[in-house]
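In the working numbering, the protein residues as written are 7 to 198.
Ideal Cβ positions, reconstructed from N, Cα and C, are used throughout, including at glycine.
Working notes, beginning with the structure itself.
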C-alpha cells in the first residue's frame with residue numbers, strides 16, 4: 007500500500023534595508039497536509055516539525071508541539087513531536103558589526119498541530135477558536151560569519167511562552183530557568 011495525502015506550503019520572507027549596515031527581515035511559513043484514502047496518518051518524513059535553527063529557535067529540533075502536547079514523562083519523543091499543520095512567524099533585526107562578523111536579534115513564534123486527535127499526541131489537535139493560545143514564542147540573539155559563499159550562524163534563544171505548560175511556567179519570560187528554557191543552535195546559512 008502507498009500513502010495517500012495532499013500537502014501544501016506557503017513561505018514568504020521580506021527584507022527591509024534600513025541602511026547599508028542594518029536590515030529588518032520578516033518571515034512567515036505555513037503548511038497543511040491531509041491524509042486520506044488508505045492513510046490515517048502522514049508518513050513520518052512528510053509530517054511537519056517545529057523547533058530548531060530554522061523555526062522557533064527557543065526549542066531544540068523537533069521538540070515543540072503539536073499544540074500543547076509536552077511528551078510523556080517530559081521525555082523527548084521525535085515521532086510524537088510532529089504534525090499535519092505548521093505555522094512559523096519570525097522577525098529578525100540584522101546588523102553588520104565588523105569585518106565578516108554580523109549580529110542579529112530576533113523574535114520567533116509558531117507551532118504545529120494535528121488534524122485529527124491521536125491518542126499518542128493528546129492536546130495536539132488544531133482548533134481554530136483556540137490555536138492562538140498554543141503559539142509558542144522565543145527571543146534571542148545571533149552571530150553570523152559571512153564568508154560570501156556561505157554563512158556560519160550561531161543563535162541563542164530563550165523561550166518566552168511555552169504552550170506545553172500551565173500556570174506561571176507557561177511564561178518563562180517571567181520566571182526563566184536557563185537549563186530548561188535556553189537553546190543554542192549552530193547552522194549554515196540564514197534561517198530564512
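Taking DSSP as the reference, what is the three-state secondary structure of residue i?
i: residue 206; result: Since the displayed the chain opens at 7 and closes at 198, residue 206 lies outside it and no answer follows.
i: residue 137; result: helix
i: residue 132; result: coil
i: residue 173; result: helix
i: residue 13; result: strand
i: residue 55; result: coil
i: residue 198; result: coil
i: residue 8; result: coil
Answer yes or no: does any C-beta atom of chain D fall closer than 8 Å to that of residue i?
i: residue 108; result: The chain inventory of the structure shown lacks chain D, comprising one protein chain alone.
Considering only their Cβ atoms, is the gap separating residue j from residue i smaller than 8 Å?
i: residue 166; j: residue 145; result: yes
i: residue 58; j: residue 45; result: no
i: residue 232; j: residue 156; result: Shown here, the chain extends from 7 to 198; a query on residue 232 therefore has no answer.
i: residue 74; j: residue 118; result: no
i: residue 37; j: residue 64; result: no
i: residue 17; j: residue 48; result: no
Considering just the uninterrupted stretch of the beta strand (DSSP E) at residue i, what are its terminal residues?
i: residue 148; result: 142 to 152
i: residue 109; result: 107 to 119
i: residue 32; result: 28 to 41
i: residue 165; result: 157 to 167
i: residue 76; result: Unbroken run through residue 76: none, as it is neither H nor E.
i: residue 102; result: 91 to 104
Please name the residue, chosen from the options, that lies closest to residue i on a Cα-to-Cα basis.
i: residue 108; options: 40, 90, 148; result: 148
i: residue 62; options: 25, 137, 141; result: 141
i: residue 96; options: 51, 33, 178, 190; result: 33
i: residue 192; options: 161, 133, 22; result: 161
i: residue 43; options: 26, 54, 7, 28; result: 7
i: residue 177; options: 116, 18, 143, 135; result: 143
i: residue 24; options: 76, 187, 98; result: 98
i: residue 111; options: 125, 159, 180; result: 159
i: residue 116; options: 137, 124, 154; result: 137
i: residue 153; options: 105, 51, 19; result: 105
i: residue 187; options: 198, 197, 168, 84; result: 168
Would you grab the beta carbon distance between residue i and residue j for me? Rounded to a whole angstrom, and I think it's under 8 Å.
i: residue 31; j: residue 122; result: At roughly 35 Å, the Cβ-Cβ gap does not stay under 8 Å, so residue 31 and residue 122 are not in contact.
i: residue 70; j: residue 87; result: 7 Å
i: residue 127; j: residue 41; result: The Cβ separation is near 14 Å, so there is no contact.
i: residue 134; j: residue 120; result: At roughly 14 Å, the Cβ-Cβ gap does not stay under 8 Å, so residue 134 and residue 120 are not in contact.
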